[in-house]
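Novice: For the sequence shown, the working numbering gives the first residue as 5, with consecutive numbering after it.
Take this structure first; my questions come after.
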Amino acid sequence: MGKAYVIAHPKIKDMEKFRADYASKVDATIEAYGGKFLVRTSDKLASEGEQGTLSVVIEFESKEKAMGWYNSEAHQQIVGHRRSNTDEKSTFVICEESSTM
5 MGKAYVIAHP KIKDMEKFRA DYASKVDATI EAYGGKFLVR TSDKLASEGE
55 QGTLSVVIEF ESKEKAMGWY NSEAHQQIVG HRRSNTDEKS TFVICEESST
105 M
């Protein structure tokens with residue numbers, strides 16, 4: 005069983021609302037499932053394609069932990085704020101570590 009990662013490139017419409025309604029609350033929901041932020045920055049070294057405002061990578065020890073967090077009541081209570089403060093072209097995926105391609 006490999007690790008799982010949340011990879012997000014949100015295009016934020018209202019940064020103050022995003023911070024107040026989602027970003028300031030999401031850490032506690034992630035910590036409860038053993039997740040940790042590996043990347044959370046607006047700085048980019050190189051990029052191609054649609055650009056988000058932020059680049060975010062969160063690591064979980066398993067897909068069960070990642071999906072547990074995503075579907076948790078605590079996260080579901082705030083996820084609507086992320087969605088309403090980001091553009092529909094934002095990217096948000098959960099993927100499992102794999103050694104095959």
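We put the CB at the ideal spot given by N, CA and C, even for glycine.
It should be emphasised that the depicted structure is a prediction, and the values quoted were computed from it without experimental measurement.
Taking the beta carbon of VAL30 as the centre, do at least 16 other beta carbons fall within 10 Å, making it buried, or is it exposed?
Specialist: Buried, since its Cβ has 16 or more Cβ neighbours within 10 Å.
Novice: Answer with buried or exposed for ALA12, where buried requires no fewer than 16 other C-beta atoms within 10 angstroms of its C-beta.
Specialist: By the 10 Å Cβ count, ALA12 comes out buried.
Novice: Alpha carbon to alpha carbon, how far is SER51 from ASN75? Give it in angstroms, no decimals.
Specialist: Rounded to whole angstroms, ASN75 to SER51 spans 30 Å at the Cα level.
Novice: Quick check: what's the CA-CA separation for PRO14 versus GLU92?
Specialist: So the two alpha carbons sit approximately 9 Å from each other.
Novice: What runs of the beta strand (DSSP E), each 3 residues or longer, lie entirely inside the stretch 48-98?
Specialist: For the stretch 48-98, whole beta strand (DSSP E) runs of length 3 or above, ordered along the chain, are 59-64.
Novice: Do ILE34 and ASN89 come within 8 Å of each other at the CB atom, strictly closer than that value?
Specialist: No, these two residues do not count as a Cβ contact at 8 Å.
Novice: Cα-Cα, which of SER94, ILE82, CYS99, SER102 is closest to GLN55?
Specialist: Here the closest residue by C-alpha is SER94.
Novice: For ALA32, report the span of its alpha helix (DSSP H) as first-last.
Specialist: It spans 28-35 - the alpha helix (DSSP H) in which ALA32 sits, taken as one unbroken run.
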